[in-house]
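Taken in order, these protein sequences are the chains called X and B. Residue numbering for the first sequence follows numbering that gives the first Met the number 0, starting at 0 and increasing by one per position. Residue numbering for the second sequence follows numbering that gives the first Met the number 0, starting at 0 and increasing by one per position. By construction, the Cβ of each residue, glycine as well, lies at the ideal position given by its N, Cα and C atoms. Every value quoted in this text rests on a predicted model; they were computed, and no experiment measured them.
There are 2 protein chains.
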Amino acid sequence: MKKITIEDVAKAAGVSRALVSIAYRGVAGVSEATAEHIFAVGKSLGYVPNLNAARLASKGLKTIGVFLQDLHNEVFAEIYDGIRSVIDEGEVQLVLTVGQAAAGHDSKALDALLASRVDVVIAAGLTMSDSELQKYAARTKLISVTRSCSGVASVVANDYLGARLATEHLVQHHKAIAFLANPQTDGYRDRLRGYQDAMTDSGLKPLVRETTYSRKDAELDAEVLLSSGASAIFAHNDLAALGVLDAVISSGRKPGLDVAVVGFDNTSLSQTPVLALTTVDPHSHELGQKAAELALAALADENAPQVTIELTPALQVRSSSLSS
Amino acid sequence: MKKITIEDVAKAAGVSRALVSIAYRGVAGVSEATAEHIFAVGKSLGYVPNLNAARLASKGLKTIGVFLQDLHNEVFAEIYDGIRSVIDEGEVQLVLTVGQAAAGHDSKALDALLASRVDVVIAAGLTMSDSELQKYAARTKLISVTRSCSGVASVVANDYLGARLATEHLVQHHKAIAFLANPQTDGYRDRLRGYQDAMTDSGLKPLVRETTYSRKDAELDAEVLLSSGASAIFAHNDLAALGVLDAVISSGRKPGLDVAVVGFDNTSLSQTPVLALTTVDPHSHELGQKAAELALAALADENAPQVTIELTPALQVRSSSLSS
DNA sequence: GAACGATACTAGAACGCTCTAGTTATTATT
DNA sequence: AATAATAACTAGAGCGTTCTAGTATCGTTC
Numbered sequence: 000m001k002k003i004t005i006e007d008v009a010k011a012a013g014v015s016r017a018l019v020s021i022a023y024r025g026v027a028g029v030s031e032a033t034a035e036h037i038f039a040v041g042k043s044l045g046y047v048p049n050l051n052a053a054r055l056a057s058k059g060l061k062t063i064g065v066f067l068q069d070l071h072n073e074v075f076a077e078i079y080d081g082i083r084s085v086i087d088e089g090e091v092q093l094v095l096t097v098g099q100a101a102a103g104h105d106s107k108a109l110d111a112l113l114a115s116r117v118d119v120v121i122a123a124g125l126t127m128s129d130s131e132l133q134k135y136a137a138r139t140k141l142i143s144v145t146r147s148c149s150g151v152a153s154v155v156a157n158d159y160l161g162a163r164l165a166t167e168h169l170v171q172h173h174k175a176i177a178f179l180a181n182p183q184t185d186g187y188r189d190r191l192r193g194y195q196d197a198m199t200d201s202g203l204k205p206l207v208r209e210t211t212y213s214r215k216d217a218e219l220d221a222e223v224l225l226s227s228g229a230s231a232i233f234a235h236n237d238l239a240a241l242g243v244l245d246a247v248i249s250s251g252r253k254p255g256l257d258v259a260v261v262g263f264d265n266t267s268l269s270q271t272p273v274l275a276l277t278t279v280d281p282h283s284h285e286l287g288q289k290a291a292e293l294a295l296a297a298l299a300d301e302n303a304p305q306v307t308i309e310l311t312p313a314l315q316v317r318s319s320s321l322s323s
Numbered sequence: 000m001k002k003i004t005i006e007d008v009a010k011a012a013g014v015s016r017a018l019v020s021i022a023y024r025g026v027a028g029v030s031e032a033t034a035e036h037i038f039a040v041g042k043s044l045g046y047v048p049n050l051n052a053a054r055l056a057s058k059g060l061k062t063i064g065v066f067l068q069d070l071h072n073e074v075f076a077e078i079y080d081g082i083r084s085v086i087d088e089g090e091v092q093l094v095l096t097v098g099q100a101a102a103g104h105d106s107k108a109l110d111a112l113l114a115s116r117v118d119v120v121i122a123a124g125l126t127m128s129d130s131e132l133q134k135y136a137a138r139t140k141l142i143s144v145t146r147s148c149s150g151v152a153s154v155v156a157n158d159y160l161g162a163r164l165a166t167e168h169l170v171q172h173h174k175a176i177a178f179l180a181n182p183q184t185d186g187y188r189d190r191l192r193g194y195q196d197a198m199t200d201s202g203l204k205p206l207v208r209e210t211t212y213s214r215k216d217a218e219l220d221a222e223v224l225l226s227s228g229a230s231a232i233f234a235h236n237d238l239a240a241l242g243v244l245d246a247v248i249s250s251g252r253k254p255g256l257d258v259a260v261v262g263f264d265n266t267s268l269s270q271t272p273v274l275a276l277t278t279v280d281p282h283s284h285e286l287g288q289k290a291a292e293l294a295l296a297a298l299a300d301e302n303a304p305q306v307t308i309e310l311t312p313a314l315q316v317r318s319s320s321l322s323s
């Protein structure tokens, strides 16, 4: 299983290395006939261009690094799909890294992208501190998805508005509306503010409880909220909302009838009729698309303006929050 | 934002390139004092070693390529976690690619790994044909997870047994047991056989309906099965089982009471009390671990024996299949 | 005090590409 | 027919590392 290189193909095809390179990159400068000949020879030898060498040598080869925080949360799959729907992987390479529960892993994953010398990075769901994020943004072109940070290009949903929408929806039929928050999460502050403002605007008293990433914790914390009299719970994301549903059901109550539950993300999970979870749709797929478009723009134009895009979320009302 | 290289660090530190390289790789051959000095200089310059160059030049740097079929299916997140729990990312690099709905994308993703010259690839959930898979396995060290294929090293659950367990469980209280299959999926044949054998062994007539990846399709196909009198449905995976639950509920029946539903994968989804889905646990996390161990073994020993590991799945009985 | 062995370091080739600046062959222009 | 323009191709430097083979320097040992 000897490694075969461009040199081998060139020799076997009776042309120069450069010409083989030109053919494989699909750029102008080779006749159609010889290109086909080169490909034929290359194929018979089982030649696959060495991407590492290409990336080292090339200024033209563009690659986009993508960071996804958590593969267990379908939101990131949506965002990634959005990215891929915009990017032609023949033209631009994608390099993917993913986060890890361990705190401080974000930066390791970003470091890996820097080490790969990607031209832009699209980072979805970063939880590092603002100052650390700004440091990275200074070192490489960086587009933050889902997480806004001053001075950093980003594509986000208006979390504040989303939380307001959800809360205002609940306010119509409830008074004891609790918010199940996760401080470790990126949209934390804005969602919290949106909830709080909507509550006080309606003359209601906010009731916030903090939880973690784990569904089990969400369930336990929801139980606490229920026992302190909450008749509606707004969870920071769909996964947590699932935990809330668990708590509601195991307390012998019915979601949508006895207790209203609202999530955030509109993952396919919430869309499923069994759960029928009312949720805020941040348009994750579109977030990914916009981010990819910004990334492509940054590739094309060295000093493209650094913009921040904010999408307007939409409330998806389903039966988990029907009026009682 | 000038790119800074090992050369810059070497000059600034007053040592040779080689020594900087030695220091950063953490191998023997540099005094502790100078190493620290080099790091200090490197840090102040913002130096990050260029991984592309390293991969080109190095024979020692090992990297493992990982392919995951579908980010929307949490199974792959589990497998990936399993892989990472075994691999020290300081020692070995990971390169990740993911599949795409589009048929034939598997091979593109594997090609990308070959192009990156990874030393081994761990591929989870491949759906390509046996012959194509064998072709890849001949070109690179390849460990197939979740999908077995003769002549290819693999780590799989015993799908046949898993399906038998599920079916035999249902047989205890049901006669009209249907199987909702997905021919595009990797464990398709074995799960189907397991189901069929368990049925005929119990003197029952198999009832199979094929569906696709989409939850909506699963729901529609489940409706067909229900209307043809099925009192129990075994779905090829948890995602499809969710569709079945939808169909059951929208037909006005109750899962676990009127209709038994069983899935496959034991994703966190099925574990959630709201769904309480009986399912076959293939031990996805462990699948990933074993695959990673094989990969490391293949790295350490050039001609490590090519093994196939088969884990024994376990049935997780929950309320979706309680006896009626 | 010669020989040895570590230890700490360095020079320069090599890795497999791409890219610039040419060279040659072919076609178009006047 | 001479010249310009284009197309098809090539030689060789360069990308940023690692690796091999080596050179100093120092402390031991007999």
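In DSSP terms, what residue i is bridged to
i, result
"Ala156(X)", "Leu310(X)"
"Thr62(X)", "Gln92(X)"
"Gln315(X)", "Thr278(X)"
"Glu209(X)", "Ala180(X)"
"Ala123(X)", "Leu67(X) and Val144(X)"
"Val97(X)", "Leu67(X)"
"Gly234(X)", "Before going further, note that residue 234(X) is Ala rather than Gly in the sequence given. In DSSP, Ala234(X) forms a bridge with Leu179(X)."
Inter-residue CB distance, residue i and residue j (contact presumed, cutoff 8 Å)
i, j, result
"Ala240(X)", "Glu209(X)", "Contact flag wrong, Cβ pair sits at about 15 Å."
"Asp245(B)", "Thr145(X)", "No, Asp245(B) and Thr145(X) are not in contact; Cβ-Cβ is about 28 Å, not under 8 Å."
"Gly242(B)", "Ala259(B)", "No, Gly242(B) and Ala259(B) are not in contact; Cβ-Cβ is about 15 Å, not under 8 Å."
"Ala22(X)", "Leu44(X)", "Wrong, their Cβ atoms sit about 14 Å apart, outside the cutoff."
"Glu6(B)", "Arg16(B)", "6 Å"
"Ile142(X)", "Ile121(X)", "5 Å"
"Leu224(B)", "Ile232(B)", "6 Å"
"Leu125(B)", "Asp185(B)", "6 Å"
Any C-beta of chain X under 8 Å from that of residue i
i, result
"Thr271(B)", "yes"
"Leu160(B)", "no"
"Ile121(B)", "no"
"His71(B)", "yes"
"Pro205(B)", "no"
"Tyr79(B)", "yes"
"Thr96(B)", "yes"
"Gly262(B)", "no"
"Gly395(B)", "Nothing about residue 395(B) can be reported from this structure: the residues present for chain B run from 0 to 323 only."
"Asp118(B)", "no"
"Ser106(B)", "no"
Below-8 Å beta-carbon distance, residue i vs any chain B residue
i, result
"Ala52(X)", "yes"
"Tyr23(X)", "no"
"Gln99(X)", "yes"
"Ile248(X)", "yes"
"Arg188(X)", "no"
"Ser324(X)", "Since the first and last residues shown for chain X are 0 and 323, residue 324(X) lies out of range."
"Leu314(X)", "no"
"Asn49(X)", "yes"
"Asp110(X)", "yes"
Contacting residues, own chain, Cβ-Cβ under 8 Å from residue i (five flanking each side not counted)
i, result
"Val91(X)", "Lys61, Thr62, Ile63, Leu295 and Leu298"
"His168(B)", "Val261, Thr277, Leu314, Val316 and Ser320"
"Arg138(X)", "Leu113"
"Asp80(B)", "His284 and Gly287"
"Thr311(X)", "Ala156, Asn157 and Leu160"
"Tyr187(B)", "Ala180, Asn181 and His235"
"Thr199(B)", "Pro205"
"Val8(B)", "Val19, Ile37, Val40, Gly41, Leu44 and Tyr46"
Neighbourhood of residue i by C-beta, 7 Å cutoff - its chain only, sequence neighbours within 5 removed
i, result
"Lys42(B)", "none"
"Ser84(X)", "Gln288"
"Ser318(X)", "Gly255 and Ala275"
Same chain only: Cβ atoms within 6 Å of residue i, ignoring 5 sequence neighbours per side
i, result
"Gly202(B)", "none"
"Ser147(B)", "Ser153 and Val155"
"Val207(B)", "Phe178 and Ala180"
"Leu293(B)", "Ile142"
"Ala111(X)", "Thr96"
Practice problem: Please list the segments of the alpha helix (DSSP H) lying wholly inside the region 130–155 of chain B, counting only runs of 4 or more residues, in order along the chain. | Solution: none
Self-check item: alpha helix (DSSP H) segments (min. 4 residues) lying fully within the region 236–292 of chain X
Solution: 237–249 and 267–270
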